[in-house]
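Participant: Take this structure, written in structure tokens, and hold onto it; I'll ask about it next.
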Amino acid sequence: MIVLDGTHGEGGGQILRTALSLSLLTGAAFTLERVRGGRSRPGLLRQHLCAVQAAASIGGAYVEGAELGSQRVLFAPSGQLAGGTYRFAIGSAGSAMLVLQTVLVPLLHADGPSTVTLEGGTHNPMAPPLPFLQSSFLPLLRRMGADVRLRLDRPGFYPAGGGRAVLEVTPSTLRPVEVRRGSGVTVRAVATVANLPPSIAERELKKLRRQLREHAPTLEQEELTASLSPGNLVRVEVEHGDEVACFVGFGERRRRAENVAARVAGQVLRWLESGAAVEEHLADQLLLPMAWAGGGAFDVDVLSEHTRTNVHTIAQFMDVPVTLEERGEGAGVRVGRNALR
Amino acid sequence: MSDTKRLVVLGIVGATLDSGKGAKRWEKWRPTVSLGQMEDLLPHRIELLVEPKFTALGRQVVEDLGAVAPDCTVQLHGTNFADPWDFEEVWRTLYEFARSHRFDPENEEYLLHITTGTHVQQICMFLLAESRHIPARLLQTSPITRRDRRERQDRRVGRYSIIDLDLSKYDSIAQRFDAERAEGVSLLKQGIPTRNAAFNRMMDQIERVALASTAPILLTGPTGAGKTRLAKRIYSLRSQRRTVTGDYVEVNCATLRGDAAMSALFGHTRGAFTGAVSDRAGLLKAADGGLVFLDEIGELGLDEQAMLLRAIEEGVFVPLGADREVRSDFQLIAGTNKDLVVAVGRGEFRSDLLARINLWTFRLPGLSERIEDLEPNLEFELESFARHQGRRIAFNAEARTRYLDFATGAEATWAGNFRDLNASVTRMGTLAPGARITADVVDEEVTRLRSDWRDVGDETGAPTSFGACRALVAEVLGDEVAQSVDRFELVQLADVFGVCRRSRTMSEAGRRLFAESRKARSKTNDADRIRKYLLKWGVTFAEVTTK
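Chain order of the listed sequences is Y and W. Here this note's numbering is used: the first sequence runs in plain steps of one and ends on residue 563. Here this note's numbering is used: the second sequence runs in plain steps of one and ends on residue 548.
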């Protein structure tokens, strides 16, 4: 039995989600002690509970401590990963995308194709929002060999939730991949509003156009209907070679649209300047599929605590070395024994 | 999970807090919806009481809870609180709900959400949980402050706390209710920190009665004791707690005579009598949903009394000249300085009306009966002089001592009670040179007060009318004794009690009561004579002076 300490590294829900995915993939049971022990409200929150329940249902797992506030979780999968039709409804507080993140790679190794309906938050500032997955993470995963599609039926913004997205996964094998900064970049800026005046999107785009003028971004305005609550986000997609780096900022009450846009622009410029292939959030997501594929490499401009925690958690489940070659805030990340280069 | 109990939240759909239109409603903190948005709370079921007129709002809350908490079932219970601000009504309705509701504490754990609903509903829920009629812990929700959002990056929708009454961890709530009660009492006393224990006790009672009941209240006591002020304050208190919606109407019955009385109170139709050139709604109609203070109710004519009785009992009356009844739902506060029992005996007051308004009777003592409150009231009068005149005045130290010595001494009868005090302060304030009340100003004022009171009542403080004698004896010895004592004895008793009350010690009382015979004696022990006399009636000096 693998025993994990919930206070390690980032100390939040990331260690649980990564452990659940790896447990499903490897069939190894684990106990997570001191769940979210470092937080002001320790123990499982609703979104974590949903992830545990979702993982348990696809892996036929035996679970202990699957209740709110629980500070110890035991998870023992059956070893079988059942493809099929699932529906996971997550309350507004958590993002449905985090549950997606937990079950996605395991479902690639299920005994049949799956259709997963995810209900809840799809555009949530505290998690990778759906447009990020669609534009950046999933294309890369497809390039690694995954057969996955993600469709948005209805957007769900924080705090109302009520969104719906459908994930289709056909079992497939992941291949190692090295991600490099492509030559030449195409920048696309998209400002999205739901139940809010389009002027917010216009102001954000105006700011982005000015700040990113060197890169001549194309500007797009998007209005989402059918959202229960108001919502606003701006994203910048930077296409380089075969890859897309995606940067997202959320509008909030009492936060100026210009500030939301300026912050995203700052991240874009820093990443462009760094020469790294991958930005911070994609790096978090990539480690697990790369480890499972047995190899991969990329440079990241900012090495986050999430990424470090993932490295640590992966080492508990798999005998795949992950090396971090830190350079300033960023790092060169290498997964697997056989150098790709 | 099967090994833990299902969590069930009970609450009331909040007409204000839970409301919100369009997508914007999600930007607002809505307590009941927030129950489904907490990251660390997962109700299995939420049961909500909803008033029929708020059904649409209730449905929206159910729908929104469905979005944020897809696995939670929400049930609406249409519940009619005829008046959600009426204590008895709310208590009865919630009590019946609690009794008829099937609780399953073996398998379910209950939380009672007390953040929404009227103030009265919240108190009743608290009490029902405290008395275990509802086997629940209390759940309070609150929004995240703007400051926490900004400084601590708190992105939660709201927070909650659970209070387990069994564990007596409810001090903060109990204190909240206590604090509000204290606030209410203080409002009734106009914020004056009065010291007289009996008076303060009475104010506590009035506060409770005023908030818990809409039954008539009768205020008795000498003129100037503050009946009108108190009636107004009761209205302010109820209005502040939103247990009254209509207006405050005040009328002195001594000013109403004949047709004019009828029409002033109950209204008239055009042409009902000579001079009735147009319809008039009348004061009782004007106070619909509000409060009427009828001062000197003993002066009301018998016809008006009959009409008033029906208006109190059934909420209807017939305006002069009208052929249809008019409905008005008002609370009555009556004031009198007359002994209404005596008035009934003389056939001047209807006994059935007295019985109806006599449910909550409070006798406001005169100023001299609670002389320890003179000082705080003096402060109050100085404050209110400053407020009205825009000029702050103060005593100098010597003047203050001199004034208080006189004002609390035996000489000061305060025959006109608080009205006299008010007039006295106004005079001194107006005459004060440079906003300072000097010893000279006080001396002048004392002379003036002495002459004002010279021919009024009895300088020893003994009651001067038979009614007052009986009231005083009743106050000290109880109604039963007062009614069984002969007039012959009663008058003497009242005189002794009155003098005792105005004396600081038994010896001082003795000096006054036996002033003549003392001259002939070399040795005196008048205190002992008084002690024995009082003992015969089963009371001590201390009891007479403090009761």
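All C-beta atoms in this analysis are idealised placements derived from N, C-alpha and C, irrespective of residue type, glycine included. If you're wondering where the values come from, they're calculated on a predicted model, not measured in any experiment.
Taking C-beta pairs closer than 7 Å, name the residues in chain W that Y:Asn417 reaches, listed in chain order.
Facilitator: In chain order, Ala24 make up the part of chain W whose C-beta sits under 7 Å from the C-beta of Y:Asn417.
Participant: Counting contacts by CB-CB distance shorter than 9 Å, is W:Pro71 in contact with chain Y?
Facilitator: Closer than 9 Å: yes.
Participant: Does the beta carbon of W:Gln38 sit closer than 9 Å to a beta carbon anywhere in chain Y?
Facilitator: yes
Participant: Hey, quick one: how far does the beta strand (DSSP E) through W:His78 stretch, first residue to last?
Facilitator: 74 to 79
Participant: Less than 7 Å between C-beta atoms, sequence neighbours within five positions excluded: which residues of the same chain meet that for W:Lys190?
Facilitator: Met204
Participant: Give me the Cα-Cα distance between W:Leu188 and Y:Phe472, rounded to the nearest whole angstrom.
Facilitator: 49 Å
Participant: Return the Cβ separation of W:Leu310 and W:Arg258 in integer angstroms, given the expectation that the two are a contact with Cβ distance under 8 Å.
Facilitator: Between W:Arg258 and W:Leu310 the Cβ distance is about 20 Å, and since that is not below 8 Å, they are no contact.
Participant: So Y:Val225 is in the beta strand (DSSP E); what residue range does that whole segment cover?
Facilitator: 224 to 227
Participant: What would DSSP say about W:Gln154, mapped onto helix, strand or coil?
Facilitator: coil
Participant: Compare the C-beta of Y:Glu426 against all C-beta atoms of chain W and say whether one is closer than 9 Å.
Facilitator: no
Participant: Going by C-alpha distance, which of Y:Thr414, Y:Val458, Y:Ser449, Y:Ser451 is nearest Y:Arg431?
Facilitator: Y:Val458
Participant: Helix, strand or coil: which one does DSSP assign to W:Leu18?
Facilitator: coil
Participant: I need the DSSP call for Y:Ala499, collapsed to helix, strand or coil.
Facilitator: coil
Participant: When you compare the CB of W:Val158 with every CB in chain Y, is at least one pair closer than 9 Å?
Facilitator: Nearest CB-CB separation between W:Val158 and chain Y: below the 9 Å threshold.
Participant: Is the distance from the Cβ of Y:Leu450 to the Cβ of Y:Gly378 below 9 Å?
Facilitator: yes
Participant: Just the C-alpha distance for W:Leu231 and W:Arg151, rounded to the nearest angstrom, thanks.
Facilitator: 46 Å
Participant: Could you tell me whether the region 369 to 385 of chain Y touches the region 482 to 499 of chain Y, using the rule of 3 or more Cβ pairs below 8 Å?
Facilitator: A contact between stretches requires three or more CB pairs, one per stretch, nearer than 8 Å, and the region 369 to 385 of chain Y fails this requirement with the region 482 to 499 of chain Y.
Participant: Mind pulling the chain W residues with CB within less than 8 Å of Y:Pro381?
Facilitator: Trp27, Gln38, Val69, Val158, listed in chain order.
Participant: Less than 6 Å between C-beta atoms, sequence neighbours within five positions excluded: which residues of the same chain meet that for W:Glu373?
Facilitator: Excluding sequence neighbours, W:Glu373 sits near Arg196, Asn197.
Participant: So what's W:Lys170 in DSSP terms, helix, strand or just coil?
Facilitator: Because the pLDDT of W:Lys170 is 49, which lies under 50, any placement of that residue in the model is unreliable, and the question is left without a value.
Participant: Does W:Leu368 have its Cβ less than 9 Å from a Cβ in chain Y?
Facilitator: no
Participant: What does Y:Glu232 reach in chain W if we use C-beta pairs closer than 8 Å?
Facilitator: Ordered by position in chain W, no residue passes the 8 Å Cβ test against Y:Glu232, which lies about 16 Å from the chain.
Participant: How about Y:Ala278: is its C-beta nearer than 9 Å to some C-beta of chain W?
Facilitator: no
Participant: Would you mind telling me which residues of chain W sit closer than 7 Å to Y:Gln323, beta carbon to beta carbon, in chain order?
Facilitator: Within chain W, no residue comes near Y:Gln323; the closest Cβ sits about 18 Å away, beyond 7 Å.
Participant: Between W:Asp65 and chain Y, is there a C-beta pair that is closer than 9 Å?
Facilitator: yes
Participant: Given a cut-off of 9 Å, decide if W:Leu368 and W:Leu432 are closer than it, judged by their beta-carbon atoms.
Facilitator: Their beta carbons are not under 9 Å apart, which means W:Leu432 does not touch W:Leu368 by this criterion.
Participant: Just the C-alpha distance for W:Asp84 and W:Arg209, rounded to the nearest angstrom, thanks.
Facilitator: 18 Å
Participant: For the pair the region 419 to 436 of chain Y and the region 461 to 480 of chain Y, tell me if three or more CB-CB distances fall below 8 Å.
Facilitator: Counting C-beta pairs with one atom in each stretch, the region 419 to 436 of chain Y and the region 461 to 480 of chain Y have three or more that are closer than 8 Å, which means they touch.
Participant: Please decide whether W:Leu168 counts as near chain Y, where near means a Cβ-Cβ distance under 9 Å.
Facilitator: For W:Leu168, the pLDDT reaches just 45, beneath the cut-off of 50, and the residue's location in the model is therefore unreliable, leaving the point undetermined.
Participant: Give the interface partners of Y:Gly291 over in chain W, defined as CB-CB distance under 7 Å, in chain order.
Facilitator: Asp41
Participant: What's the gap between the Cα of W:Gly391 and the Cα of W:Gly283?
Facilitator: When rounded, the distance between both Cα atoms is 37 Å.
Participant: In whole angstroms, what separates the C-alpha of W:Asp155 from that of W:Thr146?
Facilitator: 9 Å
Participant: Quick check: what's the CA-CA separation for W:Ala16 versus W:Ile163?
Facilitator: 23 Å
Participant: Along the chain, which unbroken stretches of the beta strand (DSSP E) at least 3 residues long are found entirely within the region 474 to 524 of chain Y?
Facilitator: 518 to 522
Participant: Of all Cβ atoms in chain W, is any one closer than 9 Å to the Cβ of Y:Pro377?
Facilitator: no
Participant: How big is the Cα-Cα spacing for W:Gly159 and W:Val34?
Facilitator: Straight-line Cα distance between these residues: approximately 10 Å.
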